[in-house]
Amino acid sequence: MAVSYRIDGDIAVIEFNQEDAKVNVLTADVLREFHDLVTKVQNVPGVKILLITSGKKDTFIAGADIKEIEGITVSADGEKKSRAGQDIFNLLEDLPIPTVAVIDGVALGGGCELALACRYRIATFNEKIKIGLPEVNLGVLPGFGGTYRLPRLIGISKALEIILGARALSPEEALKAGLVDHLYPQAGLWDSVLQFVKEIRDVKGRKPGLTRKKKGWPGFLDHNFVGHVFVFDQAGKSVRERTKGFYPAPLKAFELMRETFNAPRAKALAMESKAFGDLVVAETCKNLIKVFYLTERYKKLLPPECAALQPKAIKKCGVIGAGVMGGGIAQILSQNGMDARLKDVSYEAVAKGLQSAAKIFEQAVKRKKLKPHAMTATRLKISGTVDYSGFQNVDCVIEAVVENMAVKKKVFEESARLVPPETLFCTNTSALSVAEMAKSLSDPSRMIGFHFFNPVHRMPLIELITTPATSAQTLCDAFNLVKRLGKTPIIVKDSPGFLVNRILLAYINEAGHLLQEGAGIPLIDKAMTDFGMPMGPFLLCDEVGLDVGLKVLRILEEGLGERFKAAPAFAQILQKGFLGKKSGQGFYKHGKIRGANPAVAPGLPQDKTALPSARECQERMIFTMVNEAARCLEDGVVDDPAAVDVGMLLGAGFPPFRAGLLRYADQCGVESIVETLNLFASRPAGARFEPCAYLNDLKSCGKGFYP
Amino acid sequence: MERIAIIDGLRTPFCKMGTSFNDVSAQELAAIATRELIERRNFDTTIIDEVIFGNVSQPPEAANISRVIALLSGIPKTVPAFSVHRNCASGIEAAVTAAIRIQAGEARSILVGGTESMSNIPFYFSKPLQDVLTQFGRAKSVMEKLKILAQVRPAYFAPRVGLQLGLTDPVCGLNMGQTAEVLAREFGISRRAQDEFSLVSHQRALAGREHLREEMMTVIPPSAYQDVVTHDNGPRENQTLEALAKLKPFFDKYSGTVTAGNSSQITDGAVVLLIMSERRARELNLAPLGYLRAWAFAGVDPHRMGIGPAHAIPRVLKKAGMRLQDIQAVEINEAFAAQVLACLKALESGQFAKEFGYEGFTGPIDRNILNVNGGAVALGHPVGATGGRLILTMLKHINRNNLNAGLVSLCVGGGQGAAVILERG
Chain A
332 MAVSYRIDGD
342 IAVIEFNQED
352 AKVNVLTADV
362 LREFHDLVTK
372 VQNVPGVKIL
382 LITSGKKDTF
392 IAGADIKEIE
402 GITVSADGEK
412 KSRAGQDIFN
422 LLEDLPIPTV
432 AVIDGVALGG
442 GCELALACRY
452 RIATFNEKIK
462 IGLPEVNLGV
472 LPGFGGTYRL
482 PRLIGISKAL
492 EIILGARALS
502 PEEALKAGLV
512 DHLYPQAGLW
522 DSVLQFVKEI
532 RDVKGRKPGL
542 TRKKKGWPGF
552 LDHNFVGHVF
562 VFDQAGKSVR
572 ERTKGFYPAP
582 LKAFELMRET
592 FNAPRAKALA
602 MESKAFGDLV
612 VAETCKNLIK
622 VFYLTERYKK
632 LLPPECAALQ
642 PKAIKKCGVI
652 GAGVMGGGIA
662 QILSQNGMDA
672 RLKDVSYEAV
682 AKGLQSAAKI
692 FEQAVKRKKL
702 KPHAMTATRL
712 KISGTVDYSG
722 FQNVDCVIEA
732 VVENMAVKKK
742 VFEESARLVP
752 PETLFCTNTS
762 ALSVAEMAKS
772 LSDPSRMIGF
782 HFFNPVHRMP
792 LIELITTPAT
802 SAQTLCDAFN
812 LVKRLGKTPI
822 IVKDSPGFLV
832 NRILLAYINE
842 AGHLLQEGAG
852 IPLIDKAMTD
862 FGMPMGPFLL
872 CDEVGLDVGL
882 KVLRILEEGL
892 GERFKAAPAF
902 AQILQKGFLG
912 KKSGQGFYKH
922 GKIRGANPAV
932 APGLPQDKTA
942 LPSARECQER
952 MIFTMVNEAA
962 RCLEDGVVDD
972 PAAVDVGMLL
982 GAGFPPFRAG
992 LLRYADQCGV
1002 ESIVETLNLF
1012 ASRPAGARFE
1022 PCAYLNDLKS
1032 CGKGFYP
Chain B
4 MERIAIIDGL
14 RTPFCKMGTS
24 FNDVSAQELA
34 AIATRELIER
44 RNFDTTIIDE
54 VIFGNVSQPP
64 EAANISRVIA
74 LLSGIPKTVP
84 AFSVHRNCAS
94 GIEAAVTAAI
104 RIQAGEARSI
114 LVGGTESMSN
124 IPFYFSKPLQ
134 DVLTQFGRAK
144 SVMEKLKILA
154 QVRPAYFAPR
164 VGLQLGLTDP
174 VCGLNMGQTA
184 EVLAREFGIS
194 RRAQDEFSLV
204 SHQRALAGRE
214 HLREEMMTVI
224 PPSAYQDVVT
234 HDNGPRENQT
244 LEALAKLKPF
254 FDKYSGTVTA
264 GNSSQITDGA
274 VVLLIMSERR
284 ARELNLAPLG
294 YLRAWAFAGV
304 DPHRMGIGPA
314 HAIPRVLKKA
324 GMRLQDIQAV
334 EINEAFAAQV
344 LACLKALESG
354 QFAKEFGYEG
364 FTGPIDRNIL
374 NVNGGAVALG
384 HPVGATGGRL
394 ILTMLKHINR
404 NNLNAGLVSL
414 CVGGGQGAAV
424 ILERG
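Those protein sequence lines, which keep their order, are chains A and B.
Quick note: the first sequence uses our numbering, first residue 332, plus one each step.
Quick note: the second sequence uses our numbering, first residue 4, plus one each step.
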């Protein structure tokens, strides 16, 4: 039994409390049970009010069952499932007695839609509460009447914002939006509920005055025809811009809401079901669900050797090196409640780091993600030094100095003399050997690679690089730090370029070869943005900095061989002093005049008819990544194709609708990839395309990366 | 009685109003210094029993500024904090209050300090405009609102400058500079004497730059984080007597002698000190920089507020059972050159001692032991912070030179004098 009911005087209470589960989820069975109870309650004489509550701590109803959504393969089935839910919520909405959803926890997706079908919604001040309709994140749209009821309750502009943006509201935001009618303290909730019930007991229809009339601009937009046209126009533009045609769900939700805006319930719901059915069987939906599972799994990852260990508390970190990375690291530490002591060789250098941190804070304030007073308090948690003062009581040292082994070893030696014995040592190196660096410590077991991605505050991935010496306690402490920073970890073996940079540079280098062969920068970059990458390889290169990229390429070439020999294009443009965005121009011009840099001419092909096509560009770059990822698995850099996919999704911006690099490879078919690679390899100077043993093995067994 | 140990202290550089610290609030400035002291001395913040800061202008957005500073500095939430205000002696007041509380057994270790951002003292609306705006806020209809707005006159928009209000005595009505003029006239302090005194202040501040550096941290001021501030920016290289002589009197345009050049500068800055009972210091194995031996405050005529030190100094000596001869270094805050010189004259005068019953506790003060690293004329006078700065400067000075005792004194707006005696650790 997942749903139960009780009668208390003239109040009926239906409580969701799924057995053997942490949260309530609306499976088909649960919905059926709920339906039966609503019907039953309806027929109990004397019941004047129906309350719907949850027996779970911090959860009302977390949403629909994702497994069920994943399992739908026929559009008509999806439509039917949606109809079934809609019918039950219609029944709830049509009850002649007042209904109240009592929300003291997460109410997302179907849970929110259930609450919307009630006449009233009340919530608590519980910080864990999130109310919203995040369905489009999974490639579908709200299918239980959400697209119909939400705009009618809170106005079209806010409803579009929530549904298209997959936004979840805090209780205060929900109250302000009119999504809930009242907030009560958690303590003594039941008395408050009874008080609320008293107020609405004898009201026919909805109690007047509970729905706030919005004032000002939003109110104006929501309450007249011209406003609606404007709102839809803006929302449509922004959705198209955001999804770039890769994610059909937000666009479909938008079109649906525009069409059903003035439609009667039956018609609107029928259209909603139809749209849901169409989306739920699409590949994008299935892929996004896979990505959801994958990232959830890695977010919660904990290696078995750490399970029994207690991570040490981290209150203060010493950050060495106040460049863009060091500043970004200090920023994210302070934002997550830790003190950061930022060390560099001069105060001028420290100032640079503080500036990059300040920029991030200011952006957050501008976007209203951070209140100005919180910014002051948070930025004060970062302090600068030039002499390691304050390192005597750090819990963790994070190094982010230049990529030079001697310098890195030196700063570890220096800081290790001062810090407490149980300090965690992290290096943010992107390519150097962590094991070698660990030799600078008298106790190398405390060293771990802790590789952030740039920009630190936005990229959700951390590569944790372990060496044979890394202790379980160190790993445990590092995992805990990753979690406190709100990031997702993957464990990577200590090897040149680790995982993400190794694959990414193979890809960028291939772009360089293509340029050499005469394909233009715009063609190559567009090939990849058309594939779904957030930016093309050359723009990415400019962002990272050509000098940095080339340096890592050299390390990779040294450690992994000829195939990483930098395409001549890179050295040539570096010679001209073009470093990328930081110097104003690289492959592109970054200033007032933008666009591909005319000073970087593509190489001259011997045969104009042999110019690589956009399709060939895509294949060469992507299959090179697949090949390199397979080599990483072959070399044991990571032990699971899922780790590659998480790494590329969260660390390199691989498009989620493609489910991940190796999922995508499986969808293309390993066999055809190997054949294509063989074809490329057969051309002159094509040795770098030679498929690796791992790929050939997969092909010969007829298997994919995933079982 | 518990002996009061001052463990260590630190201050920001002092920067003239509207310069490097223009965008930094008093509370943030103090928090920057406090955090740095904690980081450098690497002491556990849980040893702090209370936080007391002195501040004069009391930013409206930081009511009870000490509590704000404590929280911004990462001091545990459980540590209480309160703020003190004795005008220009607020920094001294913080230290003295801490000492009294420690001696009363209320606390063993207190973080004290002083802070002032004279760049950030607000301008206020005029009262008539305030009234109109209040009414406007209460008005219901559009008509009513328009009617109220129609009452506004251009003159209402003249702002009341907070800094000016703060530097004007609300009882006697004189600006601080005008009180200095009163003393200059009464004691016959010439313009030239004032200018010469001021020149020495600049010269000593420049010569003592490396010494002062020992009590100072480097600040990279938010929110731009562009500057690196390593020194006080008040002392002027190449300051000459001629240049000083050219300045017009500021407070009394026609017959005055007090100029911007022989007055203290309007400045931003913060100081922090860690004070504890000697016993607690020993428990924690901390070597004190020095001890706070005695303190005294005196009230004087508000028209002559600058004479305060001449009254506070004999009183504190008497309390400590010491004579001027026992003191090897003196800091008298240079609110105005005229006012310091008037104090020196008064202390030399037998009649003055007799009149107020200070016999035995006054006498001439050797200029060579007075303000040896320059004073507020060169370094600036961030009013709430200066008292703390003088204590810190004195402690570093007597340690550096192996002196036994130093005396610090300030005049206080509103007509008071403050003085403390410090001993080497």
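We put the beta carbon where it would ideally sit given N, CA and C, even for glycine.
Legend entry - Candidates B:Val423, B:Glu5, B:Asn25, B:Val343: closest to Glu199 of chain B by CA position: B:Val343
Legend entry - Ala638 of chain A, buried or exposed, once every other Cβ within 10 Å from all chains shown has been counted against 16: exposed
Inset, instruction - State yes or no: is the beta carbon of Glu217 of chain B nearer than 9 Å to at least one beta carbon in chain A? - result: It does not: the Cβ of Glu217 of chain B has no partner Cβ on chain A nearer than 9 Å.
Inset, instruction - Could you tell me whether any Cβ in chain B is nearer than 9 Å to the Cβ of Arg537 of chain A? - result: no
Inset, instruction - Please check if any C-beta of chain A sits within less than 9 Å of the C-beta of Ser69 of chain B. - result: no
Inset, instruction - Rounded to whole angstroms, what's the CA-CA distance from Thr365 of chain B to Leu350 of chain B? Just pull it up for me. - result: If you draw a straight line from the Cα of Thr365 of chain B to the Cα of Leu350 of chain B, it is about 5 Å long.
Legend entry - Inter-residue spacing [alpha-carbon to alpha-carbon] between Thr591 of chain A and Gly486 of chain A: 14 Å
Inset, instruction - Report buried or exposed for Gly1092 of chain A, applying the criterion of at least 16 other Cβ atoms within 10 angstroms of its Cβ. - result: Shown here, chain A extends from 332 to 1038; a query on residue 1092 of chain A therefore has no answer.
Legend entry - Residues that Val429 of chain B contacts on chain A, provided the C-beta gap is smaller than 7 Å: Residue 429 of chain B cannot be examined here, being either before or after the span of chain B that is shown, 4 to 428.
Legend entry - Contacting residues, own chain, Cβ-Cβ under 6 Å from Val650 of chain A (five flanking each side not counted): Result list for Val650 of chain A: Gly657, Ile660, Ala661, Ala671, Leu673, Ile729, in chain order.
Legend entry - C-beta atoms of Pro739 of chain A and Ser771 of chain A nearer than 9 Å: Checking the sequence shown, residue 739 of chain A turns out to be Lys, not Pro. Against a cut-off of 9 Å, the Cβ pair of Ser771 of chain A and Lys739 of chain A comes out as a contact.
Legend entry - Assigned secondary structure, His782 of chain A (DSSP; H/G/I helix, E/B strand, else coil): In the displayed model, His782 of chain A falls within a strand according to three-state DSSP.
Inset, instruction - Grab me the residues of Lys617 of chain A's own chain with a C-beta within less than 7 Å of its C-beta, minus the 5 sequence neighbours each way, in chain order. - result: The residues are Glu401.
Inset, instruction - Report the residue ranges of all alpha helix (DSSP H) runs contained in full by the stretch 933 to 1009 of chain A; include only those spanning at least 4 residues, in chain order. - result: Within the stretch 933 to 1009 of chain A, the complete alpha helix (DSSP H) runs of at least 4 residues are 945 to 965, 972 to 982, 992 to 999.
Legend entry - Classification of His844 of chain A by the beta-carbon crowding that lies within 10 angstroms, buried from 16 upward: buried
Inset, instruction - Could you work out which residue in B:Tyr257, B:Ile335, B:Gly391, B:Gly417 is closest to Gly94 of chain B when comparing CA atoms only? - result: Closest in C-alpha terms to Gly94 of chain B, from the list B:Tyr257, B:Ile335, B:Gly391, B:Gly417, comes B:Gly391.
Inset, instruction - Spell out whether any CB of chain A is found under 9 Å from the CB atom of Pro79 of chain B. - result: no
Legend entry - Simplified DSSP state of Asp341 of chain A, which is helix, strand or coil: Asp341 of chain A: coil per DSSP, three-state reduction.
Inset, instruction - Entirely within the stretch 559 to 626 of chain A and at least 4 residues each: give me those alpha helix (DSSP H) ranges in chain order. - result: 579 to 591, 596 to 611
Inset, instruction - Specify whether the stretch 455 to 465 of chain A and the stretch 482 to 499 of chain A touch according to this definition: at least 3 beta carbon pairs, one from each stretch, less than 8 Å apart. - result: yes
Legend entry - CB contact flag (Arg163 of chain B, Pro131 of chain B, <9 Å): no
Inset, instruction - Taking a Cβ distance cut-off of 9 Å, strictly less, list which residues of the stretch 268 to 288 of chain B are near chain A, in chain order. - result: none
Legend entry - Secondary structure, alpha helix (DSSP H): runs of 4+ residues fully inside the stretch 261 to 323 of chain B: 281 to 286, 311 to 323
Inset, instruction - Closer than 7 Å, Cβ to Cβ, to anything on chain A: give me those residues from the stretch 38 to 49 of chain B, in chain order. - result: Under the 7 Å Cβ criterion, the stretch 38 to 49 of chain B contributes Arg38, Glu39, Glu42, Arg43, Asn45.
Inset, instruction - Establish whether the CB of Ser714 of chain A and some CB of chain B are separated by less than 9 Å. - result: yes
Inset, instruction - Inspect the beta-carbon positions of Gly817 of chain A and Thr798 of chain A and report whether they are closer than 9 Å. - result: no
Inset, instruction - Please compile the residues from chain A whose C-beta is within a distance smaller than 7 Å of the C-beta of Ser122 of chain B. - result: Chain A residues near Ser122 of chain B: none, gap ~16 Å exceeds 7 Å.
Inset, instruction - Under 7 Å between beta-carbons, which chain A residues line up against Ser226 of chain B? List them in chain order, please. - result: Ala689
Inset, instruction - Pick helix, strand or coil for Arg789 of chain A, following the three-state DSSP scheme. - result: Here Arg789 of chain A sits in coil by DSSP.
Inset, instruction - Figure out for me which residue from A:Val875, A:Phe901, A:Leu871 has the closest Cα to the Cα of Arg885 of chain A. - result: Of the candidates A:Val875, A:Phe901, A:Leu871, the one whose C-alpha sits nearest the C-alpha of Arg885 of chain A is A:Phe901.
Inset, instruction - Taking 9 Å as the cut-off, decide whether the C-beta atoms of Leu685 of chain A and Ile645 of chain A are in contact. - result: no
Legend entry - Leu981 of chain A versus Val115 of chain B: straight-line alpha-carbon distance, rounded: 47 Å
Legend entry - Neighbourhood of Gln517 of chain A by C-beta, 6 Å cutoff - its chain only, sequence neighbours within 5 removed: Thr455, Asn457
Inset, instruction - Just list the alpha helix (DSSP H) runs in the stretch 6 to 60 of chain B, keeping only unbroken ones of 4 residues or longer that don't cross its boundaries, in chain order. - result: 29 to 44
Inset, instruction - Please list the partners that Leu32 of chain B has in chain E, where partner means a Cβ-to-Cβ separation under 7 Å. - result: Absent from the structure: chain E. Protein chains present are A and B.
Inset, instruction - Any chance you could list the beta strand (DSSP E) runs of at least 3 consecutive residues sitting entirely within the stretch 440 to 489 of chain A, in chain order? - result: 451 to 455
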